[in-house]
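A.B. asks: What follows is a structure written as structure tokens; I'll ask about it next.
See below:
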């Protein structure tokens, strides 16, 4: 099976109906004419179905242990595809493939998108809520296109900045996520604790374990942090 970065993005987009009409026609033509491509797609759909049936939470816990079962000769480790599926992000493929050898499993095991508290609170403009709808749908690249001008229009809006940072890491841009998260951790905003956690994960994704560890140490020692337990766990894994 060829679960390359290109195929994962293509299969995921087709399943979600995100391909343009011409791209869809080309995809379906390949299914008819290319046996290997068709088999890869069928195997991907089976994997997606198994992931859904197995359960997101449990599968996230098991990803790190799957590394031991994968073939060292495989150019693309199959459990990374599962990680992409459980989180629902084709964009995370880049993160999983390009971070350090031990870091991608840690990132996949601990990362999950932060829930939408903006819509629940009834905050934000129509433009902002449009971005949140895209975020909730997993359309992170499209959400970025809404959030970036929203920040310019609304000044120093920390919630928009927070979800923009999340959209970037969910789209495979951890360095941009760091750029937007860092100012948030210096504030007493209600999202600062979560911003610290995701900043640490962003550093894991870039391979900067020193900075990631500093952040997780701070969270571990913060008695009011919601991420104390996870930070202790991830620090143990990063030190191994």
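Numbering (the working numbering), first residue to last: 445 to 684. C-beta: ideal position from N, C-alpha, C; glycine also.
Less than 9 Å between the beta carbons of residue 614 and residue 575, yes or no?
C.D. replies: The count along the chain shown starts at 1 and reaches residue 614 at position 170. The count along the chain shown starts at 1 and reaches residue 575 at position 131. Going by C-beta atoms, residue 614 is not nearer than 9 Å to residue 575.
A.B. asks: According to DSSP, is residue 550 helix, strand or coil?
C.D. replies: Within the chain shown, the letter at position 106 stands for residue 550. Helix.
A.B. asks: Which same chain residues, not among the five before or five after residue 643, have their C-beta less than 7 Å away from its C-beta?
C.D. replies: Your numbering for residue 643 matches position 199 in the chain shown. The answer, listed in chain order, is 622, 625, 626, 629, 659.
A.B. asks: So, at 7 Å on beta carbons, what are the nonlocal neighbours of residue 657 in its own chain, with the 5 sequence-adjacent residues on each side left out?
C.D. replies: As a first step, residue 657 is located in the chain shown; it is residue number 213 there, counting from the start. Same-chain partners within the cutoff: 679, 682.
A.B. asks: If I'm right that residue 585 touches residue 608 with Cβ under 8 Å, what's the distance once you round it to whole angstroms?
C.D. replies: Taking the chain shown and counting its residues from 1, the one referred to as residue 585 is at position 141. Taking the chain shown and counting its residues from 1, the one referred to as residue 608 is at position 164. Not really, about 12 Å apart at Cβ, beyond 8 Å.
A.B. asks: Check residue 516 in the structure and name its three-state DSSP category.
C.D. replies: Here residue 516 refers to the residue found at position 72 of the chain shown. For residue 516, the predicted structure reports a pLDDT of 48, less than 50, and the residue's modelled location is therefore unreliable. A value from the coordinates is still provided. The answer is coil: DSSP assigns residue 516 none of H, G, I, E or B.
A.B. asks: Can you tell which of 602, 595, 462 has its C-alpha closest to the C-alpha of residue 633?
C.D. replies: As a first step, residue 633 is located in the chain shown; it is residue number 189 there, counting from the start. With distances taken between Cα atoms, residue 633 lies closest to 602.
A.B. asks: Out of curiosity, what's the CA-to-CA distance linking residue 612 and residue 554?
C.D. replies: Sequence index remark: in the chain shown, residue 612 carries index 168 (1-based). Sequence index remark: in the chain shown, residue 554 carries index 110 (1-based). So the two alpha carbons sit approximately 17 Å from each other.
A.B. asks: Quick one: residues in its chain with C-beta nearer than 7 Å to the C-beta of residue 639, no 5 flanking neighbours on either side, listed in chain order?
C.D. replies: In the chain shown, residue 639 corresponds to position 195, counting from 1. Counting only Cβ-Cβ distances below 7 Å, and skipping sequence neighbours, we find 606, 625, 628, 629.
A.B. asks: Do you know how far the Cα of residue 475 is from the Cα of residue 484?
C.D. replies: In the chain shown, the residue the question calls residue 484 occupies position 40. In the chain shown, the residue the question calls residue 475 occupies position 31. Answer to the nearest angstrom: the Cα atoms are 10 Å apart.
A.B. asks: Residue 478 by DSSP, collapsed to three states: which one?
C.D. replies: Your numbering for residue 478 matches position 34 in the chain shown. Here residue 478 sits in coil by DSSP.
A.B. asks: Grouping DSSP H, G and I as helix and E and B as strand, with all else coil, what is residue 673?
C.D. replies: Taking the chain shown and counting its residues from 1, one reaches residue 673 at position 229. Residue 673: helix per DSSP, three-state reduction.
A.B. asks: Spatial neighbours of residue 693 within its chain, please: C-beta separation below 6 Å, excluding the five flanking residues on both sides.
C.D. replies: Not covered by the structure: residue 693. The range shown for the chain is 445 to 684.
A.B. asks: Any idea what DSSP makes of residue 655, helix, strand or coil?
C.D. replies: For the purposes of this step, residue 655 is taken as the residue at position 211 of the chain shown. Three-state DSSP puts residue 655 in a helix.
A.B. asks: May I have the straight-line CA-CA distance separating residue 548 from residue 663, to the nearest angstrom?
C.D. replies: Your numbering for residue 548 matches position 104 in the chain shown. Your numbering for residue 663 matches position 219 in the chain shown. The straight-line gap from Cα to Cα measures roughly 21 Å.
A.B. asks: Is residue 555 helix, strand or coil when you go by DSSP?
C.D. replies: In the chain shown, residue 555 corresponds to position 111, counting from 1. In this structure, residue 555 counts as coil in the three-state DSSP scheme.
A.B. asks: Need the endpoints of the alpha helix (DSSP H) that residue 650 sits in, please.
C.D. replies: By 1-based counting over the chain shown, the position of residue 650 is 206. Its alpha helix (DSSP H) spans residues 636-650.
A.B. asks: Tell me which same chain residues have a C-beta within less than 6 Å of the C-beta of residue 533, skipping the five on either side of it?
C.D. replies: The sequence position of residue 533 within the chain shown is 89, counting from 1. Confidence at residue 533 is low in this model, with a pLDDT of 44, below 50, so its placement is unreliable and no value can be given for it.
A.B. asks: Suppose you measure from the CA of residue 595 to the CA of residue 551; what does that come to, to the nearest Å?
C.D. replies: Here residue 595 refers to the residue found at position 151 of the chain shown. Here residue 551 refers to the residue found at position 107 of the chain shown. So the alpha carbons of these two residues sit roughly 28 Å apart.
A.B. asks: On the three-state DSSP scale, how would you describe residue 633?
C.D. replies: Position 189 of the chain shown, counted from the start, is the residue given in the question as residue 633. In the structure shown, residue 633 sits in coil (DSSP, three-state: anything other than H, G, I, E or B).
A.B. asks: Does DSSP put residue 561 in a helix, in a strand, or in coil?
C.D. replies: Indexing the chain shown from 1 puts residue 561 at position 117. Residue 561: coil per DSSP, three-state reduction.
A.B. asks: Quick one: Cα of residue 473 to Cα of residue 635, how far?
C.D. replies: Counted from its first residue, the chain shown places residue 473 at position 29. Counted from its first residue, the chain shown places residue 635 at position 191. Going from the Cα of residue 473 to the Cα of residue 635 covers about 47 Å.
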